[in-house]
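Only one structure is covered here, and it is reproduced in the block below.
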Amino acid sequence: MIASLRLFFSVILIALSSYALAQDFSISGKVVDSENTPIELANILILNSEDESYIKGTSTDGNGFFNIENLSSETYLLRISYIGLETFEQKIILTGNLDLKTITLSDTPESLEEVTVIAKKPTITRQPDRLIFNIENTALTESSTLGVLKSTPGVIVTEGSINIKSAPAAIYINERKVQLTSSELIQLLESAPANSIKSIEVITNPPASYDADSGSVINIIMSKNLVTGYRGSVQTNYTQGVFPRYNAVTSHYFKNDKINVNVNYSYTNQKINRDQDDRVNYLDNSNEIDEVWKSNVNRNTWSETHNLNLNLDYFIDEKNTLSLTSTGLYMPYFKYQIRNNTDIFDENGDFESNFTADNLSRDNKYNIGTDLIFRHDFENKSSLIFNAHYTTYDYERKQNVFQDELLEIDDSEFTTLANQDTQIITGKVDYSLPVNESSNFDAGVKFSNVKTDSDITRLDIIGGSEVVNEDNTDAFQYDETVFAAYSNYSKSWDKWDINLGLRVEQTNIEGQSVSLSETNTQDYFNWFPNASISHNISDNFTVYTNYKRSIFRPSYTNLNPFTFFINENTVVLGNPNLVPTYRDHYKIGANFLKHFTVEAYYMNYDGDIVELPRQNNDTNIIAYTPTNLDKKVDYGFDFIFDYYPTNIWNLYFVTSFYNITEESDFGEGFVEQNQWSNYSLLSNNLSLLEDKSLSINLTLYWIGKNLQQFQTVENRLASELSLSKTILKKKGVISLSVDDLFNMQDYESSINYLNQSSQRFIDIDNRYIKIGFSYKFGNTKLNTNERRTSEEERQRLKDLN
Numbered sequence: 000m001i002a003s004l005r006l007f008f009s010v011i012l013i014a015l016s017s018y019a020l021a022q023d024f025s026i027s028g029k030v031v032d033s034e035n036t037p038i039e040l041a042n043i044l045i046l047n048s049e050d051e052s053y054i055k056g057t058s059t060d061g062n063g064f065f066n067i068e069n070l071s072s073e074t075y076l077l078r079i080s081y082i083g084l085e086t087f088e089q090k091i092i093l094t095g096n097l098d099l100k101t102i103t104l105s106d107t108p109e110s111l112e113e114v115t116v117i118a119k120k121p122t123i124t125r126q127p128d129r130l131i132f133n134i135e136n137t138a139l140t141e142s143s144t145l146g147v148l149k150s151t152p153g154v155i156v157t158e159g160s161i162n163i164k165s166a167p168a169a170i171y172i173n174e175r176k177v178q179l180t181s182s183e184l185i186q187l188l189e190s191a192p193a194n195s196i197k198s199i200e201v202i203t204n205p206p207a208s209y210d211a212d213s214g215s216v217i218n219i220i221m222s223k224n225l226v227t228g229y230r231g232s233v234q235t236n237y238t239q240g241v242f243p244r245y246n247a248v249t250s251h252y253f254k255n256d257k258i259n260v261n262v263n264y265s266y267t268n269q270k271i272n273r274d275q276d277d278r279v280n281y282l283d284n285s286n287e288i289d290e291v292w293k294s295n296v297n298r299n300t301w302s303e304t305h306n307l308n309l310n311l312d313y314f315i316d317e318k319n320t321l322s323l324t325s326t327g328l329y330m331p332y333f334k335y336q337i338r339n340n341t342d343i344f345d346e347n348g349d350f351e352s353n354f355t356a357d358n359l360s361r362d363n364k365y366n367i368g369t370d371l372i373f374r375h376d377f378e379n380k381s382s383l384i385f386n387a388h389y390t391t392y393d394y395e396r397k398q399n400v401f402q403d404e405l406l407e408i409d410d411s412e413f414t415t416l417a418n419q420d421t422q423i424i425t426g427k428v429d430y431s432l433p434v435n436e437s438s439n440f441d442a443g444v445k446f447s448n449v450k451t452d453s454d455i456t457r458l459d460i461i462g463g464s465e466v467v468n469e470d471n472t473d474a475f476q477y478d479e480t481v482f483a484a485y486s487n488y489s490k491s492w493d494k495w496d497i498n499l500g501l502r503v504e505q506t507n508i509e510g511q512s513v514s515l516s517e518t519n520t521q522d523y524f525n526w527f528p529n530a531s532i533s534h535n536i537s538d539n540f541t542v543y544t545n546y547k548r549s550i551f552r553p554s555y556t557n558l559n560p561f562t563f564f565i566n567e568n569t570v571v572l573g574n575p576n577l578v579p580t581y582r583d584h585y586k587i588g589a590n591f592l593k594h595f596t597v598e599a600y601y602m603n604y605d606g607d608i609v610e611l612p613r614q615n616n617d618t619n620i621i622a623y624t625p626t627n628l629d630k631k632v633d634y635g636f637d638f639i640f641d642y643y644p645t646n647i648w649n650l651y652f653v654t655s656f657y658n659i660t661e662e663s664d665f666g667e668g669f670v671e672q673n674q675w676s677n678y679s680l681l682s683n684n685l686s687l688l689e690d691k692s693l694s695i696n697l698t699l700y701w702i703g704k705n706l707q708q709f710q711t712v713e714n715r716l717a718s719e720l721s722l723s724k725t726i727l728k729k730k731g732v733i734s735l736s737v738d739d740l741f742n743m744q745d746y747e748s749s750i751n752y753l754n755q756s757s758q759r760f761i762d763i764d765n766r767y768i769k770i771g772f773s774y775k776f777g778n779t780k781l782n783t784n785e786r787r788t789s790e791e792e793r794q795r796l797k798d799l800n
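In numbering that gives the first Met the number 0, the protein residues as written are 0 to 800.
Right under this line is the structure:
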């Protein structure tokens, strides 16, 4: 019996040894393109030579090498593929370790640069915490980045802000925040071409790794480069609105096995027009009309702007990467002119008086933000990232105002000199740990410090001499420190996905008015949880829900107690007593039948910060004052439909019905207003001609009557038609776009509560035709890894009014 067992185990061991030895062969090699450039992430497949069933696979590394081990002595089919290149296939009889040396993938007759690839995935993808708008290979990529945002579902681009419906959005590029003032941000996005954008993520429930004041996020995902080499491009645009505008951009990208370098430069020269008709009903003590002031206001803005973006990645070794990123904006020329003509009527509509007010401002500013980032990857696939950031921002404005009273002898003239210098320092440490294949844990800490020195001097022109106006001359010093820590855990199993996060922040603020000898301090500690959960009931039906708490801190300029005069009857005030806004955001939704999404949401704002125009019926002065509302509630229902009627036509439709309620006690009475509204977007994308080289996009979006900061804004219809055609062997693109086809994007607004009564019609310079041309050179198979980065505190930089 024992002998039989020994023989049995000997046979088993010999068989296992033979099997193990038979599995000890490998296939290796290097993959390059026709220019002998190594190809990273080429697909390497080992298939059964008879039925081509899958056996093993891998991808090439950064130098184009691959190695597949533990293969037995058999006959295989080797298949190597990479998008845009011809697939390599070879039958291999493996009898030992095989080194294939160098394998060259040839260009296909219609490579990636020869044909526009029709996306097979839906243009809109829903996830529990975000909507992903895929724009690759559509006419939108030949627009500007701002133009893409205008066409993104749920995003509303107005003259001075970018919102996700009613909530202001933080802008990120490749998950790094773009920290510029609102006007600088819009100008940057308008001058930046969209041809390197892969998708737009509209994130309504950002995880805890995002800053607490990133309540709603728009993350612009740029295409990643996968091949070593050099690529460059130039692009120019001419836009004809009321006045012509010019824009030129050049981008250069280089990658080898040690560095990635990406440099982008853009120059913009433009003149923007805005016309506005105002009516203010000044009221008596019984809230009856006492006087009516009707104003016609024309605003022209001339500007020259230089934007430079640098990204440098240095791969120290396989585990360590050092990155330097910098975004710079320089505006050497900015002229802002306001012409105001006001007629004054009595309560019966009879003419009483008239005045004109001319305001001419000249600005000079620069804004430079730089990050130094070190990343270390551990053996267990976890990573540790250190990020140091510094921003310097300098802004100067000289303003001259002359007001001519028709029936008065005493005209007025004054000059103001305003300066703002801001320094921002931040440091972050982030750790990411894949717990297993289905779960991940993230944690991090952050420190930030912001210091701002501002001053304003008003000089009244009296008898031809400049006299300092002490009442409107001041200096303001602001110091803010924030300590933050977060943790986030996500897990997927079976048909469930869950994400839980918590962020805590301690904020210390001190603002000092030097001339007034007033100091305002704020110290507060807050918790910011977030949670999302989704369940796949079936392949065609998914339900999800999420919750997010966030904070919106007041801008540094809003906390500044200065009074800035547009003219003697229109002023902009600061408010050092502003406190942060807290928002709680709840959402529940479902995706079904592949093409449909339905959501319901509820957002509660505690202390929403708004800049309200408040009329003083005694002094006839309109003061734009930042104020904390007592309460604001925004809730509604969203419906999304995405469909491909044919393989060349994509159609998507979004509609949202929502209600906004605003409440505040203004001292002379409590006000509550609410308004139901509708936001709808319809977009068509077409690819035409035999080689699909002609792309067309038509987008219509409707913004119904809605409530904004106690102002009722009437209906608007926006529209854009864009076309693009590839030329010059697919290396060049000519484009044409027309905005506001039906001339219905201008809008009316009105204010009517307590002793406030006014109407306004705004004609914005948003009806234009744009023509453009772009050309790629170098290795045009490269996609850029462009990104822009700077710290979250820069977002609250705000131009002096």
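All residues carry an ideal CB built from backbone N, CA and C; glycine is no exception.
Go ahead and label P493 buried or exposed: buried means 16 or more other beta carbons lie within 10 angstroms of its beta carbon, across all protein chains shown.
Here residue 493 is taken as the residue at index 494 of the sequence shown, counted from 1. Just to set this straight, residue 493 is Asp in the shown sequence, not Pro. Taking all protein chains in view, the Cβ of D493 is surrounded by fewer than 16 other Cβ atoms within 10 Å, so the residue is classified as exposed.
L70 classed as buried or exposed, judged by whether at least 16 other C-beta atoms fall within 10 angstroms:
Along the sequence shown, read from residue 1 onward, the residue named residue 70 stands at position 71. Buried is the call here.
Bridge partners of N615, per DSSP?
One-based indexing of the sequence shown puts residue 615 at position 616. In DSSP, N615 forms a bridge with I620.
Indicate whether the contact test is met: 3 or more Cβ pairs, each with one atom in the region 285-295 and one in the region 324-336, closer than 8 angstroms.
With the cut-off at 8 angstroms, the region 285-295 and the region 324-336 do not touch.
Assuming V279 and I337 make a contact with CB atoms under 8 angstroms, what is their CB distance in whole Å?
Position 280 of the sequence shown holds residue 279. Position 338 of the sequence shown holds residue 337. 16 angstroms between Cβ atoms; not a contact.
Cβ-based burial, N529 [other Cβ within 10 Å; buried from 16]:
The residue given as residue 529 occupies position 530 in the sequence shown. When all chains shown are included, N529 counts as buried.
Of all the options V653, K775, E667, N619, which has the alpha carbon lying nearest to the alpha carbon of I343?
Walking along the sequence shown from the start, residue 343 turns up at place 344. Nearest C-alpha to I343: N619.
Pick from R273, E689, F551: whose alpha carbon is nearest that of R766?
Mapped onto the sequence shown, residue 766 falls at position 767. With distances taken between Cα atoms, R766 lies closest to R273.
Spatial distance of K270 from D459 (CA atoms):
Stepping through the sequence shown from its first residue, residue 270 is reached at position 271. Stepping through the sequence shown from its first residue, residue 459 is reached at position 460. The alpha-carbon atoms of K270 and D459 are separated by roughly 30 angstroms.
Y313 burial status per 10 Å Cβ neighbour count (16 or more: buried)
Start at 1 with the first residue of the sequence shown, and residue 313 comes out as number 314. With fewer than 16 other Cβ atoms within 10 Å, it is exposed.
Under the rule that 16 or more other beta-carbon atoms within 10 Å means buried, what is N568, buried or exposed?
The residue you call residue 568 lines up with position 569 of the sequence shown. By the Cβ neighbour-count rule, N568 is buried, with 16 or more other Cβ atoms within 10 Å of its own.
Among N684, T660, T711, which has the Cα closest to the Cα of N673?
Counting from one through the sequence shown, the residue named residue 673 turns up at place 674. Cα-wise, what sits closest to N673 is T660.
With H, G and I counted as helix, E and B as strand and the rest as coil, what does DSSP make of T238?
On the sequence shown, residue 238 is found 239 positions in, with the first residue counted as 1. DSSP places T238 in strand when its eight states are reduced to three.
Which of the three DSSP states is assigned to G63 in this structure?
For the purposes of this step, residue 63 is taken as residue 64 along the sequence shown, with counting starting at 1. If DSSP states are grouped into helix, strand and coil, G63 belongs with coil.
Use the C-beta contact count for T115: other C-beta atoms within 10 angstroms, 16 or more gives buried, fewer gives exposed.
Residue 115 sits at position 116 when you count from the first residue of the sequence shown. Low confidence applies to T115: its pLDDT is 34, below 50, so where it sits in the model is not reliable, and the reading given next is rough at best. Buried, by the Cβ-count rule.
Where does V147 sit, in a helix, a strand or coil, going by DSSP?
Mapped onto the sequence shown, residue 147 falls at position 148. Of the three classes helix, strand and coil, the one that applies to V147 here is helix, per DSSP.
For E109, which residues in the same chain have their Cβ closer than 7 angstroms to its Cβ, ignoring the five residues on either side in sequence?
Within the sequence shown, residue 109 is the residue found at index 110, counting from 1. Legend: pLDDT at E109 = 38, less than 50; position of this residue unreliable, no value from coordinates given.
Whole-angstrom distance between V156 and K149, CA atom to CA atom:
Residue 149 sits at position 150 when you count from the first residue of the sequence shown. Residue 156 sits at position 157 when you count from the first residue of the sequence shown. Roughly 6 angstroms between the two C-alpha positions.
Kindly indicate the opening and closing residues of the alpha helix (DSSP H) around T556.
Working through the sequence shown from its first residue, we reach residue 556 at position 557. Run containing T556: 555-558, per the alpha helix (DSSP H) assignment.
In its own chain, which residues sit with a C-beta less than 6 angstroms from the C-beta of T801, not counting the 5 before and 5 after it?
Because residue 801 is not part of the residues shown, which for the chain are 0 to 800, the question remains open.
I'd like to know if the region 252-265 and the region 713-726 are in contact, where contact means that at least 3 CB-CB pairs between them fall below 8 angstroms.
When C-beta atoms of the region 252-265 are compared with those of the region 713-726, fewer than three pairs fall below 8 angstroms, so the two segments do not count as touching.
Return yes when the Cβ of T415 is within less than 8 angstroms of the Cβ of I461, no when it is not.
What you label residue 461 is simply residue 462 of the sequence shown in a count that begins at 1. What you label residue 415 is simply residue 416 of the sequence shown in a count that begins at 1. Taking 8 angstroms as the Cβ cut-off, I461 and T415 do not qualify as a contacting pair.
C-alpha gap between V466 and P612, whole angstroms:
Indexing the sequence shown from 1 puts residue 466 at position 467. Indexing the sequence shown from 1 puts residue 612 at position 613. In this structure, the CA atom of V466 is about 29 angstroms from the CA atom of P612.
C-beta neighbour in chain E for N539, strict 8 angstroms:
Considering every chain present, this structure includes no chain E. It has just one protein chain.
Separation of L383 from N439, as counted between CA atoms:
Translated into positions along the sequence shown, residue 439 becomes position 440. Translated into positions along the sequence shown, residue 383 becomes position 384. Straight-line Cα distance between these residues: approximately 14 angstroms.
What do you get for L688, buried or exposed, if any count of 16 or more other CB atoms within 10 angstroms of its CB means buried?
Residue 688 sits at position 689 when you count from the first residue of the sequence shown. Exposed: under 16 other Cβ atoms inside 10 Å.
Starting from the C-beta of S25, find all residues in its chain whose C-beta is less than 8 angstroms away, skip the five residues before and the five after it, and write them out in chain order.
Taking the first residue of the sequence shown as 1, we reach residue 25 at position 26. Around S25: N66, I67, E68, N69, L70, N96, L97.
Inspect the beta-carbon positions of N545 and K586 and report whether they are closer than 8 angstroms.
On the sequence shown, position 546 is the one that residue 545 refers to. On the sequence shown, position 587 is the one that residue 586 refers to. Taking 8 angstroms as the cut-off, the Cβ atoms of N545 and K586 count as close.
Look at the alpha carbon of N519 and the alpha carbon of I508, and state the distance between them as a whole number of angstroms.
Here residue 519 is taken as the residue at index 520 of the sequence shown, counted from 1. Here residue 508 is taken as the residue at index 509 of the sequence shown, counted from 1. Within the model, the alpha-carbon separation for N519 versus I508 is close to 8 angstroms.
Backbone CA spacing between S52 and D441 [nearest angstrom]:
If you number the sequence shown from 1, residue 52 lands on position 53. If you number the sequence shown from 1, residue 441 lands on position 442. Approximately 38 angstroms between the Cα atoms of the pair.
Between the region 591-602 and the region 385-397, can you find at least three pairs of beta-carbon atoms closer than 8 angstroms?
Judged by Cβ distances under 8 angstroms, the region 385-397 makes no contact with the region 591-602, as fewer than three pairs qualify.
Among I550, F563, N557, nearest to N468 - alpha-carbon criterion
The residue you call residue 468 lines up with position 469 of the sequence shown. When only C-alpha atoms are compared, the closest one is F563.
Would you decide whether A168 is buried or exposed? Buried here means 16 or more other CB atoms lie within 10 Å of its CB.
As a working note, residue 168 is residue 169 in the sequence shown. Looking at its Cβ environment, which holds 16 or more other Cβ atoms inside 10 Å, A168 is buried.
Count the other CB atoms, across all protein chains shown, that sit within 10 Å of the CB of P331; report buried if there are 16 or more and exposed otherwise.
Taking the sequence shown and counting its residues from 1, the one referred to as residue 331 is at position 332. Exposed, by the Cβ-count rule.
Rounded C-alpha distance that separates G214 from I550:
Your numbering for residue 214 matches position 215 in the sequence shown. Your numbering for residue 550 matches position 551 in the sequence shown. Roughly 7 angstroms between the two C-alpha positions.
Determine the contact status of K100 and K29, defining contact as a CB-CB distance below 8 angstroms.
Here residue 100 corresponds to residue number 101 of the sequence shown, with the count starting at 1. Here residue 29 corresponds to residue number 30 of the sequence shown, with the count starting at 1. In this structure, K29 lies closer than 8 angstroms to K100 by Cβ.
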